[in-house]
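Asker: No gaps in the numbering here: position 99 of the sequence shown is 99 in the numbering used here, and each next residue is one more. Beta carbons are placed, not taken as given, at the ideal position from N, Cα and C, and that holds for glycine. Fair warning: this is a prediction, and the values are worked out from it, not measured in the lab. I have a structure here, written as structure tokens, and I will follow up with some questions on it.
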Amino acid sequence: TDSFAVNYSVLATCDDSSCISPTYGCTDFLANNYDSTAISDDGSCTYTVSVEFNVDMNNEVVSSNGVHIAGAFTSWSTDSIEMLDLNGDGIYTVSVDLNQGWYYEYKYLNGDNVGSYEFLASWESCNNSGNRFLTTDSISIQVLPIVCFSSCTSCPIYGCTDSTSINYNILATVDDSSCIYPVFGCIDSIAINFNPFATFSDSSCMYCVLFNLSFSCSNENKTSS
């Protein structure tokens with residue numbers, strides 16, 4: 001006769017102690033924590049999101065033990081999830097199935113032990129007590145941006161940042177003092193004033209030939225004797 005029981009009988013006038021209380025849990029069979037014994041859903045269902053982690057190791061000497069990731073989802077085991085660089089571009093990647101809408105903390109390792117954890121500066125935006133953090137999306141796939149090892153931002157690209165130089169690198173973000181500037185002069189090795197250091201011709205090359213016991217010389221613009 002208990003109206004909250006699963007088998008409540010509206011016609012019963014005398015309770016026979018047969019009431020069955022509802023079992024609460026996740027009743028969605030697509031959820032990670034589906035409970036086949038649950039009769040009533042309690043809103044506890046969780047779903048999976050495949051999170052892709054990406055770390056740029058181009059500015060690091062990568063450990064012979066490889067690059068790993070550790071976090072709450074590995075119980076902070078340092079060698080359980082290895083990241084791979086399959087195309088040789090220095091970006092190490094791995095996808096991990098996590099719960100949607102959950103908060104996680106994690107760190108990258110240049111190696112596979114506690115001594116190889118990255119160090120994040122206290123002012124870094126992704127730093128929470130020394131760990132990286134994220135809240136997963138409510139979608140099936142989540143791709144995290146590429147970040148530099150031990151940084152919350154992309155890695156600096158070193159090179160010549162002066163657009164007037166010969167070796168200007170449009171991708172460089174930090175100047176490494178490698179800029180080479182044009183040297184004008186005669187670049188023809190058979191000219192008498194050939195300049196081996198010149199990189200651009202200034203039309204100054206001089207050529208001389210012996211004619212009737214005298215030299216006749218000319219440059220690229222005029223002739224003289």
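Spatial neighbours of Thr15 within its chain, please: C-beta separation below 8 angstroms, excluding the five flanking residues on both sides.
Answerer: First, the amino acid is wrong: residue 15 is Asp here, not Thr. Thr1, Asp2, listed in sequence order.
Asker: Are the CB atoms of Asn167 and Ile180 within a distance shorter than 9 angstroms?
Answerer: Closer than 9 angstroms, so yes.
Asker: Per DSSP, which one or two residues make a beta bridge with Cys160?
Answerer: According to DSSP, which records beta bridges pairwise, Cys160 is partnered with Tyr168.
Asker: Whole angstroms are fine: how far does the CA of Cys152 sit from the CA of Trp123?
Answerer: Taking the straight line from one Cα to the other gives about 10 angstroms.
Asker: Keeping to the same chain, check which residues put their C-beta closer than 7 angstroms to that of Ser178; ignore five residues upstream and five downstream.
Answerer: Contacts found: Gly159, Cys160, Asn167.
Asker: Would you call Tyr117 buried or exposed, if buried means 16 or more other Cβ atoms sit within 10 Å of its Cβ?
Answerer: Buried: at least 16 other Cβ atoms inside 10 Å.
Asker: In the structure shown, what three-state DSSP assignment does Ser138 receive?
Answerer: Three-state result, Ser138: coil.
Asker: Using 10 angstroms around the beta-carbon of Val143, count the other beta-carbons present and answer buried if the total reaches 16, otherwise exposed.
Answerer: By the neighbour-count rule (16 or more Cβ atoms within 10 Å), Val143 is not buried but exposed.
Asker: Going by the CB atoms, is the gap between Val6 and Phe53 shorter than 9 angstroms?
Answerer: Against a cut-off of 9 angstroms, the Cβ pair of Val6 and Phe53 comes out as no contact.
Asker: Give the C-beta separation of Tyr108 and Phe133 to the nearest angstrom, bearing in mind that I take them to be a contact with Cβ-Cβ under 8 angstroms.
Answerer: Not really, about 13 angstroms apart at Cβ, beyond 8 angstroms.
Asker: For a quick check, are the C-beta atoms of Phe184 and Ser163 less than 9 angstroms apart?
Answerer: No, the pair does not count as a contact, with Cβ atoms beyond the cut-off.
Asker: Do you know how far the Cα of Cys126 is from the Cα of Thr37?
Answerer: The alpha-carbon atoms of Thr37 and Cys126 are separated by roughly 41 angstroms.
Asker: Span of the beta strand (DSSP E) holding Phe211?
Answerer: That run of the beta strand (DSSP E) goes 206 to 211.
Asker: Using the C-alpha atoms, what's the distance from Asn99 back to Ile141?
Answerer: Answer to the nearest angstrom: the Cα atoms are 11 angstroms apart.
Asker: Considering only residues of the region 169 to 206, which uninterrupted beta strand (DSSP E) runs meet the minimum length of 3 residues and lie entirely inside it, listed in chain order?
Answerer: Runs found: none.
Asker: Look at the alpha carbon of Ala70 and the alpha carbon of Asp176, and state the distance between them as a whole number of angstroms.
Answerer: Near 34 angstroms, if we compare the C-alpha coordinates of Asp176 and Ala70.
Asker: Output needed for Cys19: all residues of its chain with C-beta closer than 6 angstroms, excluding positions within five of it in sequence on either side, in chain order.
Answerer: These residues qualify, in order along the chain: Asp2, Ala5.
Asker: Classify Phe215: buried if its beta carbon has 16 or more other beta carbons within 10 angstroms, exposed otherwise.
Answerer: Answer is exposed; the Cβ neighbour count stays below 16.
Asker: Between the alpha carbons of Ser189 and His68, how many angstroms are there, rounded?
Answerer: Near 55 angstroms, if we compare the C-alpha coordinates of His68 and Ser189.
Asker: Per DSSP, what kind of secondary structure is Thr37 in: helix, strand or coil?
Answerer: Note: Thr37 maps to coil in three-state DSSP.
Asker: Do you know whose CA, among Ala198, Pro182, Gly66, lies nearest Glu82's CA?
Answerer: That would be Gly66, whose Cα lies nearest to the Cα of Glu82.
Asker: Measure the C-alpha to C-alpha separation of Tyr106 and Ile39 and round it to an integer number of angstroms.
Answerer: Roughly 36 angstroms separates the two Cα atoms.
Asker: Keeping to the same chain, check which residues put their C-beta closer than 8 angstroms to that of Val114; ignore five residues upstream and five downstream.
Answerer: Here the set comprises Thr78.
Asker: Who pairs with Gly71 in a beta bridge, going by DSSP?
Answerer: Bridge partners of Gly71: Tyr106.
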